[in-house]
Every structure is written in structure tokens, then in C-alpha cells.
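*Asks:* Here it is, the structure, as C-alpha cells.
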Amino acid sequence: MTTVGTTLVIGATGTTGSRTVARLTAAGHRVKAASRQGTAVPGAEPVPFDWYDPATHAVALDGVDRVYLIPPLGDADPAATMLPFLHQAVAAGVRRAVLLSSSAVPEGGPAVGAVHQALPDLFEHWAVLRPSWFMQNFTGTHAHARSIRDEGVIRTATDSGRIGFVDAEDIAAVAVRCLTDSQAPDTDLVLTGPEALSHDDIARIITEVTGRPVVHRRLTYEQMRDRLTAEVPAEFAALLAGMDRAIAAGAEDRVTDTVQRLTGRPPHTFRTVLARELRCGD
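My numbering puts the first residue of the sequence shown at 1, with every later residue one more than the last.
Okay, here's the thing in C-alpha cells:
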């Protein structure tokens, strides 16, 4: 790694943002930790930031030369909000940007795909992280984790489709390399864990590790869309349910060597992550 300036981490209290901040500060890098409330984060300078409040943007960008971008949650058209900010970032002196996208969203695709497409023309150095579904969806505050705790059930429209679920710690490890290495990847990176698992497999592993029975209940696309509409805007709910349908058709049945190549170690297995997260929760 090389000595760098100051990194703005947007979503610094979130699943990957908090882990990225922790890794950057542990390595001695200067970090501005951006969150809606400007929450204090150990080792970093907290700063209030709201994608929908441009008055918070200039202060967040002051003195920053690189940025980790978490799109606004639940926004079906994040480019409308993000692109003006990115132009402002370039004008403020930001030269490197690392964007968190999704393995399900290609360059120029829906939602954050338009931001992905714009990044190479805006920044000298860049990377787009396209992780598969997070392993932490089953252990944190995600709807799956809540239904596992409350009912012993995982509900999806993925049928028996498999996914290369990835640990958020592995995503953060790759993000730090992309932010701080002397040469940025200047490409998009599909991140997965070491094995592709169905939600039936996930339920079985949780049952084995915790001793509590968990089952995967298969829903139709329409049932999943309607359930999600109770939690997120209808357009975004349809997008998410559509991703489940694509998984059922095999769209996410893959593993990559990206984590190994960029970090020098293999990605964590779901069984390992589940045991680790349970210990942390004790």
C-alpha cells in the first residue's frame, strides 16, 4: 500500500462502510466518516451527510481526495442524486472513487448501473465493487435476519437458485485495497464467497450451527414483491423481487477469485461467518 490523503466514507455506520472505516483507521489512514447524523466513529472525523441535502456535501468533501460511495438506500434512480454530487467531488479535488454496486447490476444497468457507467469519465482512478448478496443479511438487521430470529423462516422467490454469498468483511478488505493501493483497479469487480449456496443450504447451515430449526419458504415473484412493498417503495420492491426471480433462473450461481486476488487470502465461508457473528453477539 501507499501513503494516501483523506478518504470520505459515505455510509460510515452501515454494513460495509463501518468495516471499511475500521480497516482504514487501523492502517493509519485519515478518514472522514459520513453518516446522516454525523455519528462518532473511533479513529475517524465524523461528518453529517445526507444524499438528499446538498447543504451537507461541501463540508463532507472538504480536504478529501478519495471517496467510498454507498448509494442512497431504497432509491430506484440513485444517479439523479449521486451524479451532481460526483461532479462536485471532482471539482473539490477528489481523484479516486470506489462505488458499492451489486453483482446483479451491470454497467449501464438499472439503479446504480448508471452511476457505474459514469465513473470512468469522472475520476482518474476508480473501482466498482459488485458484491453478491451479503452473508450478514442472515445475522444483522435485514428482514431475513429478523424473520429467522422471530419465526425460524427465510422467505424468498429464489426457488433453488444458488448465490455466492459474500462476507461484508471481505467486501471491506477489497474496498480498502481499491482506495489505498498505488494503482486503483480501474474496473468493476464481482465479489463472492468461496461457494454458491441456495437459501435451502443457508437454512440448513443456520440450523446446524445454532441448533435452532430454520426453513426456507419459497414465494412467487408476486408474493415477494407484495411483501417487500410494505418495507420499501413499490418500484424498488419490484426491482428486488425481480432479482430473486433472476436468482431462481441461475443468474447468481457463480464464484469468483476476486477476494483472493486482491487481499491475498481466500474469502470466508458462510459457516465461518455465522459462527463469528454469533460469538460477537454473545
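Quick reminder that beta carbons are idealized off the backbone N, C-alpha and C, glycines included.
Note that the structure is predicted; figures quoted are calculated from it, not measured.
With a threshold of 16 other CB atoms inside 10 Å of the CB of residue 280, please say whether the residue is buried or exposed.
*Replies:* On the sequence shown, residue 280 is found 280 positions in, with the first residue counted as 1. Under a 10 Å Cβ-count criterion, residue 280 is classified as exposed, with fewer than 16 other Cβ atoms of the shown protein chains found around its own Cβ.
*Asks:* Entirely within the region 45–121 and at least 4 residues each: give me those alpha helix (DSSP H) ranges in chain order.
*Replies:* 57–61, 79–92
*Asks:* Could you give the DSSP three-state label for residue 165: helix, strand or coil?
*Replies:* By 1-based counting over the sequence shown, the position of residue 165 is 165. In this structure, residue 165 counts as coil in the three-state DSSP scheme.
*Asks:* Taking residue 215 as part of the beta strand (DSSP E), name the residues at either end of that continuous run.
*Replies:* In the sequence shown, residue 215 corresponds to position 215, counting from 1. Note, residue 215: beta strand (DSSP E), 215–218.
*Asks:* In chain order, what residues of the same chain have a beta carbon less than 7 Å from the beta carbon of residue 57, not counting five sequence neighbours either side?
*Replies:* As a first step, residue 57 must be located in the sequence shown, where it is residue number 57. Hits under 7 Å: 85, 88.
*Asks:* Given 8 Å as the limit, is there contact between the region 188–200 and the region 254–263, that is, 3 or more CB pairs closer than that?
*Replies:* yes
*Asks:* In whole angstroms, give me the CA-to-CA distance for residue 130 and residue 244.
*Replies:* Position 130 of the sequence shown, counted from the start, is the residue given in the question as residue 130. Position 244 of the sequence shown, counted from the start, is the residue given in the question as residue 244. Take the alpha-carbon of residue 130 and the one of residue 244: they are about 17 Å apart.
*Asks:* Three-state secondary structure (DSSP) at residue 204?
*Replies:* Taking the first residue of the sequence shown as position 1, residue 204 is located at position 204. Looking at residue 204 - three-state DSSP - the assignment turns out to be helix.
*Asks:* When you compare only the Cα positions, how much space is there between residue 158 and residue 219?
*Replies:* For this step, residue 158 is matched to residue 158 along the sequence shown. For this step, residue 219 is matched to residue 219 along the sequence shown. If I take the Cα positions, the gap works out to 8 Å.
*Asks:* For residue 206 versus residue 165, is the C-beta spacing smaller than 9 Å?
*Replies:* Numbered from its first residue, the sequence shown carries residue 206 at position 206. Numbered from its first residue, the sequence shown carries residue 165 at position 165. No, the pair does not count as a contact, with Cβ atoms beyond the cut-off.
*Asks:* Run through DSSP, which three-state label would residue 123 get?
*Replies:* As a working mapping, residue 123 is identified with position 123 in the sequence shown. Reduced to three states, the DSSP call for residue 123 is coil.
*Asks:* Using CA atoms only, rank isn't needed, just tell me which of 211, 66, 114 is closest to residue 95.
*Replies:* The count along the sequence shown starts at 1 and reaches residue 95 at position 95. Looking at the Cα atoms, 66 is the closest of the given residues.
*Asks:* Can you tell me where the alpha helix (DSSP H) with residue 245 in it begins and where it stops?
*Replies:* The residue labelled residue 245 in the question sits at position 245 within the sequence shown. Residues 234–248.
*Asks:* Hey, residue 305 and residue 185 are a contact pair by Cβ (cut 8 Å); roughly how many whole angstroms apart?
*Replies:* One cannot answer for residue 305 here, as it falls past the ends of the chain, which runs 1 to 282.
*Asks:* As a quick exercise: from 116, 38, 215, 39, pick the residue whose alpha carbon is nearest that of residue 71.
*Replies:* By one-based count along the sequence shown, residue 71 stands at place 71. Selected option, being the one with the closest Cα: 116.
*Asks:* Answer with buried or exposed for residue 275, where buried requires no fewer than 16 other C-beta atoms within 10 angstroms of its C-beta.
*Replies:* Residue numbering aside, residue 275 sits at position 275 when the sequence shown is read from its first letter. By the 10 Å Cβ count, residue 275 comes out exposed.
*Asks:* Classify residue 198 as helix, strand or coil using the three-state DSSP reduction.
*Replies:* Walking along the sequence shown from the start, residue 198 turns up at place 198. Here residue 198 sits in strand by DSSP.
*Asks:* Mapping DSSP to helix, strand and coil, what is residue 228?
*Replies:* Locating residue 228 in the sequence shown gives position 228, counting from the first residue. Collapsing the DSSP output to three states places residue 228 in a helix.
*Asks:* DSSP on residue 35, reduced to helix/strand/coil?
*Replies:* Taking the first residue of the sequence shown as 1, we reach residue 35 at position 35. Strand.
*Asks:* Do you know offhand how far residue 215's Cα is from residue 126's?
*Replies:* Here residue 215 is taken as the residue at index 215 of the sequence shown, counted from 1. Here residue 126 is taken as the residue at index 126 of the sequence shown, counted from 1. One C-alpha to the other measures close to 41 Å.
*Asks:* Rounding to the nearest angstrom, what Cα-Cα distance links residue 232 and residue 76 in this structure?
*Replies:* As a position in the sequence shown, residue 232 is number 232, starting the count at 1. As a position in the sequence shown, residue 76 is number 76, starting the count at 1. So the two alpha carbons sit approximately 10 Å from each other.
*Asks:* Using the three-state DSSP reduction, which class does residue 190 fall into: helix, strand or coil?
*Replies:* As a first step, residue 190 is located in the sequence shown; it is residue number 190 there, counting from the start. Residue state, collapsed to three classes: strand.
*Asks:* Got a sec? Which residues, its chain only, sit under 7 Å from residue 20 by beta carbon, not counting five neighbours each side?
*Replies:* What you label residue 20 is simply residue 20 of the sequence shown in a count that begins at 1. The answer, listed in chain order, is 9, 68, 172, 175, 176.
*Asks:* Output yes or no for whether 9 Å exceeds the beta carbon distance between residue 252 and residue 104.
*Replies:* Position 252 of the sequence shown, counting from 1, holds the residue named residue 252. Position 104 of the sequence shown, counting from 1, holds the residue named residue 104. Closer than 9 Å, so yes.
*Asks:* Am I right that residue 45 and residue 31 are in contact with their C-beta atoms under 8 Å? What's the rounded C-beta distance?
*Replies:* In the sequence shown, counting from the first residue as 1, residue 45 sits at position 45. In the sequence shown, counting from the first residue as 1, residue 31 sits at position 31. About 7 Å separates the two Cβ atoms, so the contact holds.
*Asks:* Helix, strand or coil for residue 21 per DSSP?
*Replies:* Along the sequence shown, read from residue 1 onward, the residue named residue 21 stands at position 21. Of the three classes helix, strand and coil, the one that applies to residue 21 here is helix, per DSSP.
*Asks:* Flag this pair as yes or no: are the beta carbons of residue 74 and residue 236 separated by less than 9 Å?
*Replies:* Your numbering for residue 74 matches position 74 in the sequence shown. Your numbering for residue 236 matches position 236 in the sequence shown. Taking 9 Å as the Cβ cut-off, residue 74 and residue 236 qualify as a contacting pair.
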